[in-house]
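Residues 1 to 417 (UniProt numbering) make up the sequence shown, in order. Glycine residues also receive a C-beta, built at the ideal position from the N, C-alpha and C atoms. For reference, the structure is listed below as structure tokens.
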Amino acid sequence: MSDFRQRALDYHEYPTPGKIKVELSTPADSVDDLALAYSPGVAEPVREIAEDPDAAYRYTAKGNMVAVISNGTAILGLGNLGPLASKPVMEGKALLFKRFAGLDAIDIEVKHRTTEEFINTVANIADTFGGINLEDIKAPECFEIEQELIKRCKIPVFHDDQHGTAIVTAAGMLNALEIQGKNIEDAKIVCMGAGAAAVACMELLIKCGAQRERIYMLDRKGVIHTRRDDLTEHKMLFANNTDKRTLDDVMDGADIFVGVSGPDVLPPETLKLMAPNPVVFACSNPDPEIKPELAHEVRSDLIMATGRSDYPNQVNNVLCFPFIFRGALDVRASTINDEMKVAAVEALRSVSKEPVPEEVLKASKSASLTFGKDYIIPKPMDPRLLNRIASAVAQAAIDSGVAGVETLPAKYLGNNA
């Protein structure tokens, strides 16, 4: 057994199995405490909530509670290993919510026979929580599941594998293009992969200015084009009216390559075909579509990002999802809409361009970090992300009419740190 594998197993087993626990938030030390916490005192908030459901945000933990829900059909890069096997990942997500945004989160693993059964299960328990984070659910079912739950639930439902990846990708991409002297509106984009993350990334880039007709998406059968008769509903959105059929065909003169597919699928010879000053996001984990060392050897003019922490420019969902939920829950948002996602993109971009605090340099083991080719997105340990992204998302929720309050909470006012 490798040393790292043993350390990982020990981390999850000791000193107590798992990574999360429940703690009391109020005193429970006396008879009086118990009388208030349970019978007879608990009847008073019950009456208030029965009369006004919004009172649940005043008298219960609902407003600070996120459910992390999976069926285990697409666990990390491991595939469909079932709900129970996904539990360590879901506990890990709950840990990240607490560590980065102070949100309490509980993992829920769902067994089901049909997609409808999963949707019904989640919808029926949704009122317990302030928000729902869907995780590790395979495509194309994940699209239907999220869309239906958004319709049926009165709280934010967010599939992080789609939208978290898309938000961080968009922020890094816009910054990279700025450094390279290019505009998203004019860029020719190649997307290797056609799953949930790929579709979400391209849709958000379009909302940020990319032109749909200049996007070429590929799946295992090659370029997705209008003359194919085997396309799902979501692939059809990116069916390009083109005679190009191969990766080499579409990479000729491309400004951007986004990989959300598999390891080593971008040959160095193909990378050479891209336009001057290209941007390459090779996000397959743990092994990217092309190794950074090889990519830089072939193209000295590129900006590159991966999903790995041991290379510059890591596309890491933790840069956004805790803070998006923090902002959404703080204003009692009913959904996480496009306006809130774009606000998160812009907030994330702006932090990248500012001087990096010493504590972030220390935590990331970096001598220096300055906005440029090797620093287009912030580091996950940057404490500025919480207030910056959460407040931007909260304000966007208010401005777009999906918030349950009319003004930002006092903690955000005048706080851009």
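Going by the DSSP bridge assignment, what does residue i pair with across the sheet?
i           : result
Ser70       : Glu109
Thr270      : Bridge partners of Thr270: none, in fact.
Gly401      : Gly401 is not bridged to any residue.
Asn240      : His225
Cys191      : Met217 and Val258
Phe281      : Val258 and Ala305
His296      : Looking at the DSSP assignment, His296 forms no beta bridge with any residue, so it has no partner.
Asp18       : A small correction: the amino acid at residue 18 is Gly; Asp does not occupy that position in the sequence shown. BP columns for Gly18 are empty, so no partner.
Tyr375      : Gly372
Ile75       : Gly79
Asp104      : Met65
Gln211      : None, per the DSSP bridge assignment.
Phe118      : DSSP lists no partner for Phe118.
Val157      : Ile132
residue 473 : Nothing can be reported for residue 473: it is not among the residues displayed for the chain, which extend from 1 to 417.
Residue i by DSSP, collapsed to three states: which one?
i      : result
Ala417 : With a pLDDT of only 47 at Ala417, under 50, the local geometry of the prediction cannot be trusted, and the value read off the model is given with reservation. Of the three classes helix, strand and coil, the one that applies to Ala417 here is coil, per DSSP.
Val199 : helix
Met65  : strand
Asn387 : helix
Phe129 : coil
Asp287 : coil
Leu231 : coil
Asp264 : coil
Met381 : coil
Asn183 : coil
Leu24  : coil
Ser350 : helix
Near residue i, what residues of its chain come up, given a Cβ to Cβ distance below 7 Å and the 5 sequence neighbours on each side ignored?
i      : result
Leu34  : Ala28
Ala126 : Ile132, Cys153 and Ile155
Ala344 : Ile167, Cys320, Ile324, Ile389, Ala392 and Val393
Ala417 : Residue placement at Ala417 cannot be trusted, given a pLDDT of 47 that sits under 50; what the coordinates show is reported in the next sentence. The answer, listed in chain order, is Arg384 and Asn387.
Gly209 : Ile184 and Glu185
Gly164 : Asn317, Cys320 and Phe321
Thinking residue i and residue j are a contact (beta carbons under 8 Å), I'd like their distance in whole angstroms, please.
i      : j     : result
Phe323 : Phe97 : About 10 Å separates the two Cβ atoms, so there is no contact after all.
His12  : Pro88 : 6 Å
Tyr57  : Pro45 : The Cβ separation is near 11 Å, so there is no contact.
Ile75  : Ala67 : About 18 Å separates the two Cβ atoms, so there is no contact after all.
Within the same chain, show all residues whose beta-carbon is closer than 8 Å to that of residue i, passing over the 5 residues directly before and after it, in chain order.
i      : result
Leu231 : Ile224 and Ala239
Leu149 : Ile119, Val122, Ala123, Ala126, Ile132, Leu134 and Val157
Near residue i, what residues of its chain come up, given a Cβ to Cβ distance below 6 Å and the 5 sequence neighbours on each side ignored?
i      : result
Ala333 : Pro156, Ala397, Val402 and Ala403
Cys191 : Ala198, Met202, Met217 and Val258
Ala196 : Ala139, Cys142, Asp161 and Gln162
Ala254 : Lys188, Val190 and Met274
Asn277 : Gln180 and Asp301
With a threshold of 8 Å between beta carbons, is residue i in contact with chain B?
i      : result
Asp160 : You won't find chain B in this structure, because it holds only one protein chain.
Q: Please confirm if the stretch 334–346 is in contact with the stretch 392–403, defined as three or more CB-CB distances below 8 Å between the two stretches.
A: yes
Q: Answer yes if the stretch 90–105 comes into contact with the stretch 168–183, meaning at least three C-beta pairs across the two stretches below 8 Å, and no otherwise.
A: no
Q) Is the stretch 108–115 close to the stretch 68–75, with three or more CB pairs under 8 Å? A) yes
Q) Are at least three pairs of beta-carbons, each pair with one atom in the stretch 298–311 and one in the stretch 30–50, less than 8 Å apart? A) no
Q. Three or more C-beta pairs closer than 8 Å, one from the stretch 299–319 and one from the stretch 359–379: is that the case here?
A. yes
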